[in-house]
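Residue numbers (the working numbering), protein chains in the order written: chain A, 16 to 292; chain B, 262 to 359; chain C, 170 to 458.
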């Protein structure tokens, strides 16, 4: 079993912003704050468990309808406020990611959680395309639709390197059931096949990470560790500002050139054939 | 998963067209049929179901007893029965000979 | 008596659902204008499936066709629902992203190129898990880039439906076309039952599934745009009309306040009745404008 989602997220949101309270109007599951960061202001966003949520299927830290729309609202406000600023002055948006999954609930499906998730992804991507550096700090779990809703549109992704960090399309037990394997077989496969792995060090081989970071106790970081993470985030912001506003960097790292050869082959072949079609 | 190859050097008639039929869905397969690069016909099978080499051999022996095109055939198979293999092959031939 | 009076409509019309992904995509284009790109004979297959003892497919279950629709440049990208459940793998995802990016590039250089996504997919292919998930994030990003210049039209015809990460792709599309036989949602009923229990969702309750995920409901509640019959010509006509309409003035997925307010107004003390919700949402403004 994975550790409880949200504890690391909350700890790092507080460490980076000095704040731990939801904004007026937001559900208790959303932490959003503009906080001073490296001489400018950054918008920090985090999804945390809310045991009293009026949606029962999000209480353990899943991303549901309210969470998706609240994230989108906060991001859209930042985009609007910085609309007339030059690119270099648009505030960084930092997603602190520690989400169990999307909400698996009937209320959510009925009211269109697919669309809510799309609205949030749209907001994150719009911020990136407008020139905001969008940075994800994966402090704990980053599962499936939860990560697509909150964090995967970032132009730079950083993650801690310990066993409590899990980035995946589906949790182990369910993935084993669906692919008709035992959990043990699934774990073994993960070591041979990087995209199947539940280990963040294997995830790093996909070439999607800007950096892996280490902390001794991610739920209770030291001042020095916080300073180190802030430094890494500042470098990610600078790198994002110097780069493109799309996700083309996903295929540009040395790791991606190794692991995603097929993706690169597809792009090259399609580009060649496109011209003559 | 098993990879199986067969050669039919007697199949020498030149063909010029390509055909692709079928989907690698449960109990089905896809066939890619195109002019062979060298002499004769060559068959390359990738199947999810192991242990049926003899059955594949029987199907292709039968197929090449009637068909003499110098083709390369690639098959990706998800458990098609011999009957559906022959049907897919005939569909592919129909495309290149029409 | 004319022949059409004797033979009922459904015999005469050409079913779209009965076509495979390739034939569906082809059926949308003006005759003689289209070409398939990175097709089966290019043999860019999944490198990950054979490592797990699973036969790959020569097009990885994704078909890319470029040509003209109603005289306008367009690219169609179809997922083949019969191969691995239409799942998004590294190669199929990369095909979709690359095609969208090339359409964006052409659109930016003055040749507007619309995209049509034919989504029959259960979501991320678990055998390529994290590369499938990354591909979905990339697809979403590329749709958002293209739709600034040219419409991105999603067709969900059935029978697989559109679930998992790719449901977000439908969510950010300019327009979504569905049939009554299509379903659209983030989590399928089986997954919800497995994760949250049978009291939350009884996956054997077919009436409930269609009431929540079905095309009629999604169009009725304004989360998809048009309900069409399972008829190739009618679906192609709907695509042509959306390409003519061009980019909407405001995409649905940017209407944050409208939908946030709607969620805030829901009574969540019990399950939400789909018919009531359709009535409430369908009667207010919303949808792609």
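Virtual Cβ for every residue (Gly too), placed ideally from N, Cα, C.
- Not a single CB atom of chain B sits nearer than 8 Å to the CB of residue 299 of chain C.
- Judged by beta-carbon spacing, residue 412 of chain C lies beyond the 8 Å limit of residue 279 of chain C, meaning their Cβ atoms are not closer than that value.
- Taking C-beta separations shorter than 6 Å and ignoring five residues to either side along the sequence, the partners of residue 342 of chain C in its chain run 321, 323, following chain order.
- For residue 158 of chain A, the enclosing beta strand (DSSP E) covers residues 149-158.
- Taken atom to atom, the span from the alpha-carbon of residue 383 of chain C to that of residue 355 of chain C is near 13 Å.
- Secondary structure at residue 60 of chain A: strand, using DSSP grouped into helix, strand and coil.
- For residue 322 of chain C, the uninterrupted beta strand (DSSP E) run begins and ends at 321-325, by DSSP.
- Collapsing the DSSP output to three states places residue 311 of chain C in a helix.
- Annotated three-state conformation of residue 248 of chain C is strand, per DSSP.
- The beta carbons of residue 295 of chain B and residue 279 of chain B sit closer together than 8 Å.
- Within 7 Å of the CB of residue 288 of chain A, the CB atoms of chain C belong to 206, 207, in sequence order along the chain.
- Exposed is the label assigned to residue 326 of chain B, since fewer than 16 other Cβ atoms lie within 10 Å of its Cβ.
- Residues of chain B with a Cβ closer than 7 Å to the Cβ of residue 224 of chain C are, in chain order, 262, 285, 307, 308, 309, 337, 338, 339.
- When the five nearest sequence neighbours on each side are left out, the beta carbons in the same chain lying within less than 6 Å of the beta carbon of residue 182 of chain C are those of 400, in order along the chain.
- Within 8 Å of the CB of residue 117 of chain A, the CB atoms of chain C belong to 355, 356, in sequence order along the chain.
- For residue 358 of chain C, the enclosing alpha helix (DSSP H) covers residues 358-365.
- Of the residues C:275, C:242, C:256, the one whose Cα lies closest to the Cα of residue 184 of chain A is C:256.
- Within chain B, the C-beta atoms nearer than 9 Å to that of residue 219 of chain C come from 262, 264, 307, in chain order.
- The segment 195-206 of chain A makes no contact with the segment 232-239 of chain A; the number of CB pairs closer than 8 Å stays below 3.
- Residue 335 of chain B is bridged by DSSP to B:293, B:305.
- Secondary structure in the segment 162-196 of chain A: the alpha helix (DSSP H) runs of 4 residues or longer, each lying completely within the stretch, are 187-193 in chain order.
- Taking the C-beta atoms as reference points, residue 101 of chain A is found no nearer than 8 Å to residue 148 of chain A.
- Burial state of residue 42 of chain A is buried, judged by a 10 Å Cβ sphere holding 16 or more other Cβ atoms.
- Within chain C, no residue has its CB atom less than 7 Å from the CB of residue 104 of chain A, the nearest being about 23 Å off.
- Shown here for residue 261 of chain C: same chain residues with a beta carbon closer than 6 Å to its own, the five before and five after excluded, namely 229, 230, 231 in chain order.
- In terms of beta-carbon proximity, residue 396 of chain C stays away from the interface with chain A, with every pair separated by 8 Å or more.
- Residue 228 of chain A is positioned such that its CB atom lies closer than 8 Å to that of residue 244 of chain A.
- Contact check for residue 173 of chain A and residue 225 of chain A: beta-carbon distance about 5 Å, within the 8 Å limit, so the pair qualifies.
- In this structure, the CA atom of residue 179 of chain C is about 18 Å from the CA atom of residue 351 of chain C.
- In chain order, 227 place their CB closer than 6 Å to the CB of residue 219 of chain A, counting only its own chain and leaving out the 5 sequence neighbours on each side.
- Between the C-alpha atoms of residue 331 of chain C and residue 353 of chain C there is a straight-line separation of about 5 Å.
- Not flagged as an interface residue toward chain C: residue 351 of chain B, since no C-beta distance is shorter than 8 Å.
- Identification of residues in the segment 166-185 of chain A having a C-beta nearer than 8 Å to some C-beta of chain C yields 167, 168, 182, 183, 184, 185, given in sequence order.
- For residue 51 of chain A, the beta-bridge partners assigned by DSSP are A:56.
- The count of Cβ pairs closer than 8 Å, one atom from the segment 248-261 of chain A and one from the segment 283-290 of chain C, stays below three, leaving the stretches out of contact.
- Residue A:181 holds the alpha-carbon nearest to the alpha-carbon of residue 213 of chain A among A:222, A:240, A:181.
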